[in-house]
Structures are given as structure tokens and as C-alpha cells.
Amino acid sequence: MNASRRRFLAGLGSVAVAASAGCSAPTTSAEGADTSTGAESVAASGVSQTGTAASDEPYTQVYRDVVSSIVLVRVYRDDGSAGQGSGFVYDGRHLVTNEHVVRGRSEIRVQFRDGEWRVASVVGTDVYSDLAVLRIPNKPEYATPLSFVDAEPPVGTRVVAVGAPFDLGGSVSAGIVSGQNRALPSSTGFTIADAVQTDAAVNPGNSGGPLVTLDGEVAGVINSGGGDNIGFAISAALTQRVVPALIESGSYEHSFLGVQLQQVSPLVAEANSLDRARGVLVVSTVQGGPAEGLLRGSDDRTSTNGRQVPVGGDVLVAVDETPIRTQTDLGTYLALETSPGDTVRVTVLRDGEQQTVEVTLGRRPAP
């Protein structure tokens, strides 16, 4: 395992909530291959074991359905450097891509399927979700908006990543949803909640393109590749909360609880005399934050099995009666179910007793 991947995977397990090999490319074959012998499986003939032409294979079909809606995003910067990513059509005037793709731009151009280029302008960006919206003039008529899934696809659902890896526009890689509700570390100090994990190949240039189901619906916006056979996408649920706000106002406000947390591991449970390992321990509250004076942070540390463990803080076990087992659970609930100004009912274990505290959520500070 290389050093960068170790750092990335370590980050997945260590970032606290203070609140990017595909299986195959599309099957193709030469037209007019001889199938008169009736053989059930001949790879060169483009006929599957069921006798279905390769052009009717599901990966080929979904590629045809969505490729006209995918763009290559080329970014030029004042220092003379250039960058490249992917994007897709959201509505009649707007494209969705990653914030990190367009960061530091002086000019943005997008290329559609038939080679047409358009100059794009940034409507809004959100560094916390790594999403950006671009506006384009005179969108080609064939470039139709993509729809989103209604619910998170279960693990095992077949998906394809479509985009422009290594500047190769209109490329597709296939895989499955290999994980749900991941918390992605980011440079902001907050995680990106509810991310979709896939084993479809995700390479430089895929960022900002869609991860789609075989129905052609967007399951997520590709964000990063974490290593061999592992990539991540910003979920459809989070994207559909953020993008409309970016179009309307240019920004999106994330809920902020204002706590530093630690997972209640067996060691933490033992040190705090808990009957079982569940929930998250409040290590501290942010000065002037929503939880200050309402939630209790740890007031000491003790050595357990040779490790220093915080003790004395509230153990958060539910929000609005939704069980919170992990920091990831809390981040997802805050990201998808709340907005700044909402009052939430936080259930904690304090001094051996279960209590409920009402906290009015704030707005995340600027990164």
C-alpha cells in the first residue's frame, strides 16, 4: 500500500465531526459479425450467452442514455496552469461539477459530446460538499438533464462512472455500490457526509462527473478515488439539497452543532463506566458555539490499557429520536435532515442518566 493511500484511509477513520477497479468498460464488438452458426457464446461475434447483441448490453445502453449529458470541464488559471474534470447537465442552463475542479479559475470552458465548446461561468460553489454549479449559454438540445435516484441504491447495485479521466471524454467504467454513508475527510476540517462508495474505476479527470445506476439516474457526483477498487461520490441526497441553493443564492449553509467528538469504543466505555460501547463522547464544545453551556465536554483523561482516554463528557446517543451510533451517523443526520436555525433534541447519557437537551443549530464558520 503506498503512502498516499495509507494517509487517505487513515483519514477516513480519524476525522471527527465538528457539527474519489471498475469491473468493465461497455461491451463492444464489430458490426455484422457472423452469428449464423448459432453458437451461444462467441466473444468476437458481439453476442452474449443469451443471444443478445452486445449493443443491447445494460452498460452499453446506460452509456448511450447519459453520455450526451456529460461534459469535459477545462479550467484555466491566472498563473498559466490548467486543470480538467467532468460535469453533467442539471437543468436547461446549469451544469454540476466539483468545487475543487473549478477552484482558482480565471476561465472555464466545457466540451459537449459532439466536440462543441461553451464558455461557462460559476453560479455558486460549496467547499464543504465539494459541489459547484456552472451556467452555460445555448446548451445543445441533445444535452438533456439527468435525473437523480429517489433513494440511496443498496450495496451491490450496479453503477457506472461516466466522465473524462485523463482528458478522455465520454469514458465509462463499471462497478457496484460497495458502501454507503461514508464520511469523507476534506481540507475544511469537516467531513463530507453520506458519500457513496464504489469499486468502479475513478481516475484523475472523473471528478465532477456522475455515478449513475443502470436506469441512468445519478446516484452521486464523483469526488475522489481512494485507491485500487475504491472511489467515492457525493450522494444524490446531499447534492439535491446543495445544488438548488447554489443556483438560487450562490452558496449553501450547513448546520453546525459546535462539538468535538470521539467514538465510544470499548476502551472509552470502560473508562466512563458505560455498560456498552455506543454513541459518541463529547470531548469539548466550541467556544461561542450552539452547544456551549448545553452539552458537557470531557473534563479529564485517564489511562486505560496504556492509552489516554477522555472521561466525564456527555455521550450523545440520539438526535430527534434518531439513534446515533457513530460520528458518521451524526454527520449524516445534520447534513440531510437539518438546517441552521433548527432546534434539535439531543439525547445524552450524563452522570449515568439519560437526558434530553434542546440545541438550536448554528451555521458552519467559513473555512
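Per numbering that gives the first Met the number 0, residue 0 is the first one in the sequence shown, and the count goes up by one each step. Ideal placement from N, C-alpha and C gives every residue a C-beta, glycine not left out. All figures in this text were calculated on a predicted structure; none of them were measured in a lab.
Which value, in whole angstroms, describes the spacing of the CA atoms of Pro153 and Val176? Position 154 of the sequence shown, counted from the start, is the residue given in the question as residue 153. Position 177 of the sequence shown, counted from the start, is the residue given in the question as residue 176. Their backbone Cα atoms lie some 7 Å apart in a straight line.
- Could you pull out every unbroken alpha helix (DSSP H) segment of at least 4 residues lying fully inside the region 66-124, listed in chain order? 98-101
field: Spatial neighbours of Asp313 in its chain, beta-carbon cut-off 6 Å, leaving aside the 5 residues before and after
entry: Numbered from its first residue, the sequence shown carries residue 313 at position 314. If we look at Asp313 and ignore the five residues flanking it on each side, its Cβ neighbours are Val281, Leu294, Arg295, Val347, Arg349.
* the ligand ZN heavy atoms versus the CB of Val122: any closer than 8 Å? -> As far as ligands go, the structure on display features none, and thus does not contain the ligand ZN.
Requested in this report: Please look up how many angstroms separate the CB atoms of Val201 and Gly224, rounded, as I've assumed it's under 8 Å.
Outcome: Locating residue 201 in the sequence shown gives position 202, counting from the first residue. Locating residue 224 in the sequence shown gives position 225, counting from the first residue. Rounded, the Cβ-Cβ distance is 4 Å, consistent with contact.
**Prompt:** With burial defined as no fewer than 16 other Cβ atoms inside 10 Å of the residue's Cβ, what is the status of Gln83: buried or exposed?
**Reply:** As a first step, residue 83 must be located in the sequence shown, where it is residue number 84. Flag for Gln83 reads buried.
Let me make sure I understand the geometry here. Which of Gly311, Thr337, Val109, Arg306 has the alpha-carbon closest to that of Thr321? Counted from its first residue, the sequence shown places residue 321 at position 322. The residue with the shortest Cα to Cα distance from Thr321 is Thr337.
Problem - Chain-order list of residues whose beta-carbon lies under 6 Å from that of Arg102 (same chain, five-residue window excluded) - result: Start at 1 with the first residue of the sequence shown, and residue 102 comes out as number 103. For Arg102, where only same-chain residues beyond five positions count, there are no Cβ hits under 6 Å.
Using a Cβ-Cβ cutoff of less than 7 Å, which residues in the same chain neighbour Val61 once the five nearest sequence positions on both sides are dropped? Residue mapping note: residue 61 aligns to position 62 of the sequence shown, counting from 1. Hits under 7 Å: Val159, Val211, Leu213, Gly215.
Distance between beta carbons of Leu335 and Asp149, contact taken as under 8 Å: Numbered from its first residue, the sequence shown carries residue 149 at position 150. Numbered from its first residue, the sequence shown carries residue 335 at position 336. That pair is no contact at about 14 Å.
Just to confirm the assignment, what range does the alpha helix (DSSP H) spanning Leu245 have?
Translated into the one-based positions of the sequence shown, residue 245 becomes position 246. Run containing Leu245: 235-248, per the alpha helix (DSSP H) assignment.
DSSP puts Val308 in a beta bridge; with which residues? Taking the first residue of the sequence shown as 1, we reach residue 308 at position 309. According to DSSP, which records beta bridges pairwise, Val308 is partnered with Thr301.
**Item:** Gln354 classed as buried or exposed, judged by whether at least 16 other C-beta atoms fall within 10 angstroms
**Value:** What you label residue 354 is simply residue 355 of the sequence shown in a count that begins at 1. The residue in question, Gln354, is exposed, as its Cβ has fewer than 16 Cβ neighbours within 10 Å.
task = Determine the closest residue to Val121 out of Gly114, Ser67, Leu94, Ala163, with distance taken between C-alpha atoms.
result = To locate residue 121, count along the sequence shown from 1; it is residue 122. For Val121, the nearest C-alpha among the options comes from Leu94.
Margin query: Would Ser128 and Thr238 be called neighbours here (beta carbons separated by less than 9 Å)?
Written below: As a first step, residue 128 must be located in the sequence shown, where it is residue number 129. As a first step, residue 238 must be located in the sequence shown, where it is residue number 239. The answer is yes: Cβ separation under 9 Å.
Round the Cβ separation of Thr96 and Ser85 to the nearest angstrom and send it over; I've been treating them as touching at under 8 Å. Numbered from its first residue, the sequence shown carries residue 96 at position 97. Numbered from its first residue, the sequence shown carries residue 85 at position 86. With 8 Å as the limit, Thr96 and Ser85 qualify as a contact, their Cβ atoms being about 7 Å apart.
Discussion item. I need the boundaries of the alpha helix (DSSP H) containing Gln326, first residue and last residue.
Written reply: Start at 1 with the first residue of the sequence shown, and residue 326 comes out as number 327. Per DSSP, Gln326 belongs to the alpha helix (DSSP H) from 326-336.
Query raised in the report: Cα separation between Pro144 and Val66?
Result: The residue you call residue 144 lines up with position 145 of the sequence shown. The residue you call residue 66 lines up with position 67 of the sequence shown. Rounded to the nearest angstrom, the two C-alpha atoms are 11 Å apart.
* Should Val343 and Val318 be called a contact, given that it needs their Cβ atoms to be closer than 9 Å? -> Taking the first residue of the sequence shown as 1, we reach residue 343 at position 344. Taking the first residue of the sequence shown as 1, we reach residue 318 at position 319. Yes. Within cutoff.
message = Going by DSSP, what residue range makes up the alpha helix (DSSP H) through Glu269?
response = Taking the first residue of the sequence shown as position 1, residue 269 is located at position 270. First-last of the alpha helix (DSSP H) with Glu269: 265-270.
- Using beta-carbon positions only, say whether Trp116 and Arg108 come within less than 9 Å of one another. To locate residue 116, count along the sequence shown from 1; it is residue 117. To locate residue 108, count along the sequence shown from 1; it is residue 109. For Trp116 and Arg108, yes; Cβs fall inside 9 Å.
### Residue from Gln110, Ala270, Gly249, Val171 whose Cα sits closest to the Cα of Leu305
As a position in the sequence shown, residue 305 is number 306, starting the count at 1. The residue you asked about is not Leu; residue 305 is Gly in the sequence shown. The shortest Cα separation from Gly305 among Gln110, Ala270, Gly249, Val171 belongs to Ala270.
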